[in-house]
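In my numbering, the protein residues as written are 0 to 347.
C-beta atoms are modelled at their ideal positions from N, C-alpha and C, and glycine is treated no differently.
So the structure is just underneath, and the comments pick up after that.
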Ligand SMILES: NC(=O)c1ccc[n+]([C@@H]2O[C@H](COP(=O)([O-])OP(=O)(O)OC[C@H]3O[C@@H](n4cnc5c(N)ncnc54)[C@H](O)[C@@H]3O)[C@@H](O)[C@H]2O)c1
C-alpha cells in the first residue's frame, strides 16, 4: 500500500477518491485550502475518513507544498486542486493561471527540492481541452476544426459552428489519440498546460503521468453553492426549489454526463498503476442534450417544465462527448440524475 497525496481532496471528485483510496488501504494526505467559492464551511474536512491527514494548504504557496512533500514523500500524487470556472476564467484569467499552471509547477518543484520522485502523478484534465473539437461538413463529409464560436453568430442564434462549405455540419466524438486539442476558454488552456507540464516532467524524471480527460461529471456531492459549478447541479438546485430550469441556446447543446462513482473508479484505477504515461478520455460514451437532462431532473423533482431561453455563455462549446466508455459499464443518466435529486432533497 502507498502514501497518496490528493490535492483538492475535499472537493466533489476528491472526496470520493479519498474515500476509495482509504478503503483500498492507502495512507492518504490531503492538501486543500477549502476554496471559499466551493466550501461555505469546513464540513468537507470533518467528513474526511478517519486517519486522513488534512493540510489546509494553497497550492500556489510553494513553501507549504515543500513541507508536505518533504514530510510525507508520497509515492502517488492525485492532482485535483484547480480553479474550475469555465465562464469565470475569461474574467479571472490570472487566478486560473496561478492555481492551475503555477500550482502544478509548484508541486513538481517541491518534489525536486525534496529529492523525491513519485511513482506516478494522476491529473484530472478536462474534455474542455478539445474546445469545439472536430466536426463534419455534410457537403462532402470532410472533417474540420471550427474553433471558437463568435458572439456575432451566437447573437444571431447560429448555434452550430459554420462549416467551410456553408452546408450543415455535425459534431464528432472526442478521442484522445485522434482529436486535436483546441481550447476555447482560459480554463481549458490551463488544463492543457497542466497536461504538458506533467507529461514532460514525469517523462524526464522516470515517473508516470496518468492524464484523464473528464467529460461532464455529475452526481451527489458537487458544491450546490458554487454558482460556477456543473450545469446539472445548477439545474437540480433550481428544480428542487420548484423553479423552472432555464436551458441555454436552443437546448441542443450536447454533453457527455458521467456519474461521479464511475469517475472515482477511473481516477483510483489510474492512481494504482505505474506503467508509463497514459492519456485517456473518461465519459459515458453517450451524447445527451442539456434539454433532455433538464427534463429528467424536472420530472424527478416535480418541478415545472424546463424553459429554453436562447441565452448563451461565451466560451461554451456546442458539443462534447467521449468516443467510448472504455468498455466499462457506466451509470445510466436517468438513474444518476434521480440519485442527484434524491440527495438534494435529503431522500438518500
Ligand atoms: N467536475 C467536473 O465535471 C470536471 C470535469 C473535468 C475536469 N475536472 C477537474 O477535476 C478536478 C476536481 O474537480 P471538482 O469537480 O472536484 O472541483 P471542486 O471545485 O469540487 O474541487 C476542487 C477542490 O480543490 C480545492 N482547491 C481549489 N483551489 C485550490 C488551491 N489553490 N489550493 C488547494 N486547494 C484548492 C477546492 O477547495 C476544492 O475542494 C479539477 O482539476 C477539475 O479541473 C472536473
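* Between residue 116 and the rest of its own chain, which residues show a CB-CB distance below 8 angstroms, the 5 nearest in sequence each way excluded? -> On the chain shown, position 117 is the one that residue 116 refers to. Here the set comprises 110, 204, 205 and 206.
* Please list the segments of the alpha helix (DSSP H) lying wholly inside the segment 292-346, counting only runs of 4 or more residues, in order along the chain. => 332-343
* When the Cα atoms are used, what is the spatial distance from residue 161 to residue 168? -> Taking the first residue of the chain shown as position 1, residue 161 is located at position 162. Taking the first residue of the chain shown as position 1, residue 168 is located at position 169. Whole-angstrom Cα-Cα distance: 7 angstroms.
* Would you check whether ligand 1 has a heavy atom nearer than 7 angstroms to the C-beta of residue 67? => Along the chain shown, read from residue 1 onward, the residue named residue 67 stands at position 68. For ligand 1, not one heavy atom lies less than 7 angstroms from the Cβ of residue 67.
* Every unbroken alpha helix (DSSP H) within the segment 154-197, with a cutoff of 4 residues, ordered by chain -> none
* Asked: From residue 132 to residue 12, what does the alpha carbon distance come to, in whole angstroms?
  -> Mapped onto the chain shown, residue 132 falls at position 133. Mapped onto the chain shown, residue 12 falls at position 13. Straight-line Cα distance between these residues: approximately 25 angstroms.
* Residue ranges of each beta strand (DSSP E) run of no fewer than 3 residues wholly in the segment 232-294, ordered along the chain? -> As far as the segment 232-294 is concerned, its whole beta strand (DSSP E) runs of at least 3 residues are 256-258 and 277-281.
* What are the boundary residues of the beta strand (DSSP E) that includes residue 49? -> For the purposes of this step, residue 49 is taken as the residue at position 50 of the chain shown. Premise fails: residue 49 is in no beta strand (DSSP E) and is neither H nor E.
* Asked: Where does the unbroken alpha helix (DSSP H) through residue 78 begin, and where does it stop?
  -> On the chain shown, residue 78 is found 79 positions in, with the first residue counted as 1. First-last for residue 78: 75-78, but that is the beta strand (DSSP E), not the alpha helix (DSSP H).
* To do: With a threshold of 7 angstroms, establish whether the CB of residue 52 neighbours any heavy atom of ligand 1.
  => Locating residue 52 in the chain shown gives position 53, counting from the first residue. Checking every heavy atom of ligand 1 against the Cβ of residue 52, none is found closer than 7 angstroms.
* Exposed or buried, residue 327, counting other C-beta atoms within 10 Å across all chains shown (16 or more means buried)? -> If you number the chain shown from 1, residue 327 lands on position 328. The residue in question, residue 327, is exposed, as its Cβ has fewer than 16 Cβ neighbours within 10 Å.
* **C-beta contact flag for residue 48 and residue 17 at 8 angstroms** => Along the chain shown, one-based indexing puts residue 48 at 49. Along the chain shown, one-based indexing puts residue 17 at 18. Going by C-beta atoms, residue 48 is nearer than 8 angstroms to residue 17.
* For residue 107, the nearest candidate out of 153, 92 and 76 (CA to CA) -> Here residue 107 corresponds to residue number 108 of the chain shown, with the count starting at 1. The shortest Cα separation from residue 107 among 153, 92 and 76 belongs to 76.
* Would the beta-carbon of residue 338 be found less than 7 angstroms away from any heavy atom of ligand 1? -> Counting from one through the chain shown, the residue named residue 338 turns up at place 339. It does not: the Cβ of residue 338 is nowhere closer than 7 angstroms to a heavy atom of ligand 1.
* To do: Please name the residue or residues paired with residue 225 in a DSSP beta bridge.
  => Taking the first residue of the chain shown as position 1, residue 225 is located at position 226. Note: residue 225 sits in no beta bridge, so no partner.
* Three CB pairs or more closer than 8 angstroms across the segment 281-291 and the segment 87-102 -> Remark: fewer than three beta-carbon pairs, one from each stretch, lie closer than 8 angstroms, so the segment 281-291 and the segment 87-102 are not flagged as touching.
* Compute every distance between the C-beta of residue 175 and the non-hydrogen atoms of ligand 1, then say whether any falls below 7 angstroms. => The residue given as residue 175 occupies position 176 in the chain shown. It does not: the Cβ of residue 175 is nowhere closer than 7 angstroms to a heavy atom of ligand 1.
* Go through its chain and collect everything with a Cβ distance to residue 51's Cβ below 8 angstroms, but skip five positions before and after it. => For the purposes of this step, residue 51 is taken as the residue at position 52 of the chain shown. Answer for residue 51: 8, 17, 21, 27, 28 and 29, listed in chain order.
* **Distance CB(residue 252)-CB(residue 216) smaller than 8 angstroms** => The residue you call residue 252 lines up with position 253 of the chain shown. The residue you call residue 216 lines up with position 217 of the chain shown. Residue 252 is not a Cβ neighbour of residue 216, given a cutoff of 8 angstroms.
* Enumerate in chain order the residues of its own chain whose CB-to-CB distance from residue 318 is below 6 angstroms, with the five nearest sequence positions on each side excluded. => In the chain shown, residue 318 corresponds to position 319, counting from 1. 170 and 253, listed in sequence order.
* Nearest to residue 188 by CA position, among 35, 249, 172 and 314, is which residue? -> Start at 1 with the first residue of the chain shown, and residue 188 comes out as number 189. Nearest option by C-alpha distance: 314.
* To do: List the residues that DSSP assigns as beta-bridge partners of residue 108.
  => For the purposes of this step, residue 108 is identified with residue 109 of the chain shown, where counting begins at 1. In the DSSP output, where bridge partners are listed per residue, residue 108 has none listed.
* Any chance the segment 58-69 sits against the segment 287-295, with 3 or more Cβ pairs inside 8 angstroms? -> In short, these stretches do not touch, since the Cβ pair count stays below three.
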